[in-house]
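Novice: Below you will find the structure I want to go over with you.
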Amino acid sequence: MALDPLVTVGALLICALASGEAFGGAYLILALIAFSLTFPGSSSKGTSIRALAGDVLTGWLAIVALLLLIGWATRTLGSFDVRVILAWVLATPVALFAAHLLMPVVLPRLLAAEDVQRIAVIAGEGELGRRLAERIQGTPFLGIRFAGYFDDRSPERLGGVKPGEILGSLSQIAEYAKTHRVDLIYITMPMASQPRILKLLEQLRDTTASIYFTPDIFLFDLIQARMDTIGGIPVVAVCETPFHGVNALIKRVSDIALAAAILSLVSPLMLAVAIVIKLDSPGPMLFKQRRYGVDGREIVVYKFRTMTVLEDGGVIRQATRDDPRVTRFGAFLRQTSLDELPQFINVLQGRMSVVGPRPHAVAHNEMYRKLIRGYMIRHKVKPGITGLAQVNGLRGETDSLDKMKARIEYDLAYLRDWSLQLDLQIVLKTIFVVLKKQHAY
1 MALDPLVTVG ALLICALASG EAFGGAYLIL ALIAFSLTFP GSSSKGTSIR ALAGDVLTGW
61 LAIVALLLLI GWATRTLGSF DVRVILAWVL ATPVALFAAH LLMPVVLPRL LAAEDVQRIA
121 VIAGEGELGR RLAERIQGTP FLGIRFAGYF DDRSPERLGG VKPGEILGSL SQIAEYAKTH
181 RVDLIYITMP MASQPRILKL LEQLRDTTAS IYFTPDIFLF DLIQARMDTI GGIPVVAVCE
241 TPFHGVNALI KRVSDIALAA AILSLVSPLM LAVAIVIKLD SPGPMLFKQR RYGVDGREIV
301 VYKFRTMTVL EDGGVIRQAT RDDPRVTRFG AFLRQTSLDE LPQFINVLQG RMSVVGPRPH
361 AVAHNEMYRK LIRGYMIRHK VKPGITGLAQ VNGLRGETDS LDKMKARIEY DLAYLRDWSL
421 QLDLQIVLKT IFVVLKKQHA Y
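Following the working numbering, the numbering of the sequence shown begins with 1 at its first residue and continues without gaps.
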């Protein structure tokens with residue numbers, strides 16, 4: 001997680017020192033801002049070299065654009081040596097790309113050392129225990145070596161374990177932990193086994209191992225699961241928004257800054273579009289439609305009118321290629337996504353976000369929530385003008401259930417993986433998607 005911000009700040013430090021600039025004052029502030037914008041970094045695991053290069057470049061360009069906007073707004077651009085900044089802008093994506101290539105090779109070898117790895121055992125060889133073991137073994141960056149399971153069931157009742165993975169019964173864990181220097185003990189037994197769990201915890205009091213209880217509710221696909229307390233009583237958030245605490249403030253401030261900046265730049269264009277709409281066809285300039293906002297509350301979303309109809313009832317037909325309802329000028333607006341510009345007003349109102357799951361018409365929500373498991377979870381955050389699904393080829397019409405399912409998968413991935421850097425990457429990628437005019441009609 002700290003890889004990207006450390007590489008970014010390190011590159012700035014090297015560029016400044018190489019040019020004879022003292023790393024303090026304005027450069028130190030720049031480093032702190034850059035660190036916050038690039039934290040946390042994205043994982044390069046399982047990513048092709050081409051996709052990795054694209055992610056690094058788009059993410060870095062988005063950060064540079066935001067830094068230039070901040071510098072322009074605060075009138076501090078003149079505080080820096082142009083040579084240092086130019087070298088930093090060019091060197092950082094190269095350094096980030098190299099770091100992401102080397103990290104998966106170097107880090108596992110470092111963590112494989114005997115004195116670095118922590119030894120873990122799992123109490124309970126059930127479905128949850130096997131899934132946890134797979135995650136540990138498939139994530140070398142954790143620095144954890146899985147030793148095996150402890151379970152009271154007979155071998156014929158245990159499913160799919162490898163030879164030697166069953167180390168003994170539950171009553172033998174404490175002694176094994178002391179003699180084999182076990183660092184981590186994960187209890188994955190069902191909640192119904194409370195008496196056995198309490199007995200096991202009592203036996204483990206005489207060990208120095210860290211003990212974790214993994215409730216079997218985690219067999220479900222959770223979104224932003226986290227621990228919290230209410231009056232000292234621990235509770236587990238099974239489905240939670242990523243925007244709580246500081247994250248909520250960061251998200252709102254970035255939304256206001258981006259929306260205000262974009263509206264100030266495109267306001268003359270919006271006025272021109274509104275005039276042409278009135279001249280092109282009869283009807284209002286703006287199209288208002290009910291959508292679901294955060295927590296499933298109805299909101300009114302603004303768009304420039306692109307059709308001869310203003311549908312907002314129980315049945316709404318999606319726009320298709322060569323749709324006769326689309327006006328001549330409306331076709332151009334839809335292809336260039338200029339019809340979405342009024343939604344930046346929705347962002348300033350607090351109804352929408354610049355980046356988030358795209359809002360669907362209420363009629364479509366009511367239909368798809370019955371067909372797609374977990375569909376309504378996407379409403380744990382404000383809907384966005386653009387989103388992760390839209391920059392991954394799922395823009396425009398969803399003429400099949402499979403396409404909508406794929407869109408929802410990206411929406412839920414956005415909830416799980418949100419970061420300010422991800423938002424900036426999506427904004428930058430959206431520009432290229434709009435220029436391609438793919439699936440826009």
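Just so it is clear, CB atoms sit at the ideal spot from N, CA and C, and this is done for glycine as well.
(1) So Gly293 is in the beta strand (DSSP E); what residue range does that whole segment cover?
(2) Just to confirm before moving on: does the CB-CB distance between Val166 and Leu200 stay below 8 Å?
(3) Over the uninterrupted alpha helix (DSSP H) stretch that includes Ala120, give me the two end residues.
(4) Under a three-way DSSP split, which group does Ala133 fall into?
(5) Here's the rule: buried if 16 or more other CB atoms are within 10 angstroms of the residue's CB, otherwise exposed. What is Glu175?
(6) Should Val7 and Ala34 be called a contact, given that it needs their Cβ atoms to be closer than 8 Å?
(7) Report the three-state DSSP secondary structure of Lys126 (helix, strand or coil).
(8) With distances taken Cα to Cα, identify the nearest neighbour of Arg226 among Phe213, Glu240 and Gly148.
(9) Could you tell me how far apart the beta carbons of Arg378 and Asp423 are, in whole angstroms, since I believe they sit closer than 8 Å?
(10) Helix, strand or coil for Ala361? Go by DSSP, reduced to three states.
(11) Please determine, among Gly387, Ala274, Gly296 and Glu298, the residue with the shortest C-alpha to C-alpha distance to Asp339.
(12) Along the alpha helix (DSSP H) that carries Tyr186, what are the first and last residues, could you check?
(13) Give the DSSP bridge partners of Lys403, in chain order.
(14) Per DSSP, which one or two residues make a beta bridge with Gly78?
(15) With C-beta atoms as the reference, is Ala147 less than 8 Å away from Ile119?
(16) Considering only DSSP beta bridges, list what Tyr212 is partnered with.
(17) Thinking just about the alpha-carbon of each residue, which of Leu271, Thr38, Gly356 and Leu107 is nearest to the one in Leu415?
(18) The beta strand (DSSP E) spanning Gly384 covers which residue range?
(19) Under a three-way DSSP split, which group does Ala167 fall into?
(20) Determine the burial state of Thr188: buried for a count of at least 16 other Cβ atoms within 10 Å of its Cβ, exposed for fewer.
(21) Only counting the same chain, and skipping five residues up and downstream in sequence, which positions put a Cβ closer than 7 Å to that of Arg328?
(22) Smallest Cα separation from Gln137: which of Lys382, Leu68, Gln117 and Ala177?
(23) Where does the unbroken beta strand (DSSP E) through Gly148 begin, and where does it stop?
(24) In this structure, how does DSSP classify Leu37 when only helix, strand and coil are distinguished?
(25) If you drop the 5 nearest sequence neighbours on each side, which residues of the same chain put their C-beta closer than 6 Å to that of Ala95?
(26) Is the beta carbon of Lys382 closer than 8 Å to that of Ser400?
(27) Within the chosen definition, does the segment 22-33 reach the segment 49-56 through at least 3 CB pairs nearer than 8 Å?
(28) On the premise that Tyr302 lies in contact with Asn346, defined as a C-beta separation below 8 Å, what is that separation, rounded to the nearest angstrom?
(29) If distances are taken between C-alpha atoms only, which option among Lys380, Ser19, Lys405 and Gly374 comes closest to Ala389?
(30) Going by C-alpha distance, which of Val182, Leu204 and Tyr212 is nearest Leu170?
(31) Expressed to the nearest angstrom, what Euclidean distance is found between the alpha-carbon atoms of Tyr368 and Ile299?
(32) At which residues does the beta strand (DSSP E) containing Ser353 begin and terminate?
(33) Going by C-alpha to C-alpha distance, which of Arg395, Lys403, Gly387 and Leu341 sits closest to Leu371?
(34) Got a sec? Which residues, its chain only, sit under 8 Å from Ser19 by beta carbon, not counting five neighbours each side?
(35) Just list the residues that DSSP pairs Asp4 with in beta bridges.
(36) Distance, Cα to Cα, Ile277 vs Ala363?
Specialist: According to the structure shown:
(1) Here Gly293 belongs to no beta strand (DSSP E), and DSSP marks it neither H nor E.
(2) Correcting the residue type first, residue 166 is Ile in the shown sequence and not Val. Not a contact, by the Cβ cut-off of 8 Å.
(3) Where Ala120 is concerned, there is no enclosing alpha helix (DSSP H), although the beta strand (DSSP E) it sits in stretches over Arg118 to Ala123.
(4) helix
(5) exposed
(6) no
(7) Here the sequence assigns Gly to residue 126, which means Lys is not the residue at that position. Three-state result, Gly126: coil.
(8) Glu240
(9) With a Cβ gap of about 16 Å, Arg378 and Asp423 do not count as contacting.
(10) strand
(11) Ala274
(12) Unbroken run through Tyr186 is the beta strand (DSSP E), Leu184 to Ile187; no alpha helix (DSSP H).
(13) Its beta-bridge partners do not exist; DSSP assigns none.
(14) Paired residues: none, contrary to the question.
(15) Yes, they are a contact pair.
(16) Tyr186
(17) Gly356
(18) Here the beta strand (DSSP E) through Gly384 covers Gly384 to Thr386.
(19) Here residue 167 turns out to be Leu, not Ala, going by the sequence shown. Three-state DSSP puts Leu167 in a strand.
(20) Label assigned to Thr188: buried.
(21) Excluding residues within five positions, the ones whose Cβ falls inside 7 Å are Asp280.
(22) Gln117
(23) Ile144 to Phe150
(24) Reduced to three states, the DSSP call for Leu37 is helix.
(25) Val7 and Ala11
(26) In terms of Cβ geometry, Ser400 and Lys382 do not form a close pair [threshold 8 Å].
(27) Three or more beta-carbon pairs separated by less than 8 Å are not found between the segment 22-33 and the segment 49-56, which leaves the two stretches without contact.
(28) Asn346 to Tyr302, Cβ: 6 Å. Contact.
(29) Lys405
(30) Leu204
(31) 18 Å
(32) Ser353 to Val355
(33) Considering only alpha carbons, the answer is Lys403.
(34) Cβ contact annotation for Ser19 (same chain, cutoff 8 Å, sequence separation greater than five): Asp81, Arg83, Val84 and Ala87, in chain order.
(35) Listed as beta-bridge partners of Asp4 by DSSP are no residues whatsoever.
(36) Distance between the alpha carbons of Ile277 and Ala363 is about 26 Å.
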